[in-house]
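All letters in the sequence shown, in the order written, are residues 34 to 123 by this note's numbering.
Heads up: the structure comes next, in structure tokens.
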Amino acid sequence: MAMEPQLNELTTMARTRVSEIDEALTAARLRLAEVDSTAGEAKAAIERLRSELKTSATQAGLLITTVLSDATNALVKADAERNTKESRCA
């Protein structure tokens with residue numbers, strides 16, 4: 034019977050530790066949910082920015098193509114005009 038108070042004390046200590054572990058586990062799970070949520074938001078933002086960057090790059094490529102095409106057309110027209118003038122003089 035002398036061991037009963039000691040067992041009661043040990044049982045109380047064990048229950049206290051189990052409660053502390055349960056609280057820590059609950060806090061860890063909540064933190065994990067927050068991290069997962071934040072990571073999901075970050076991934077979505079990265080994908081959105083990647084898409085916007087790809088669109089901007091495509092638009093820049095089209096702009097360069099247009100500028101080069103316009104420059105080429107201007108050179109061809111200038112060459113044609115020069116050829117026309119030269120053929121009239123000849």
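C-beta: ideal position from N, C-alpha, C; glycine also.
Since the model is a prediction, treat every value here as computed from it, not as a measurement.
Distance check for A77 and R62, CA to CA, integer angstroms please.
Counting from 1 along the sequence shown, the entry for residue 62 is found at position 29. Counting from 1 along the sequence shown, the entry for residue 77 is found at position 44. Approximately 22 Å, taken between the alpha carbons.
At the level of alpha carbons, what is the spacing between T59 and Q92?
Here residue 59 corresponds to residue number 26 of the sequence shown, with the count starting at 1. Here residue 92 corresponds to residue number 59 of the sequence shown, with the count starting at 1. Straight-line Cα distance between these residues: approximately 49 Å.
Please give the ranges of any beta strand (DSSP E) in the region 78–115, keeping only runs that are unbroken, at least 3 residues long and fully inside the region.
Counting whole runs of 3 or more residues, the region 78–115 contains no beta strand (DSSP E) stretch at all.
Using the Cα positions of R64 and A72, report the straight-line distance between them to the nearest angstrom.
Locating residue 64 in the sequence shown gives position 31, counting from the first residue. Locating residue 72 in the sequence shown gives position 39, counting from the first residue. Distance between the alpha carbons of R64 and A72 is about 12 Å.
In whole angstroms, give me the CA-to-CA distance for K87 and V100.
To locate residue 87, count along the sequence shown from 1; it is residue 54. To locate residue 100, count along the sequence shown from 1; it is residue 67. So the two alpha carbons sit approximately 20 Å from each other.
Could you check the C-alpha separation between N116 and T98 for me, to the nearest Å?
As a first step, residue 116 must be located in the sequence shown, where it is residue number 83. As a first step, residue 98 must be located in the sequence shown, where it is residue number 65. Cα-Cα distance, rounded: 26 Å.
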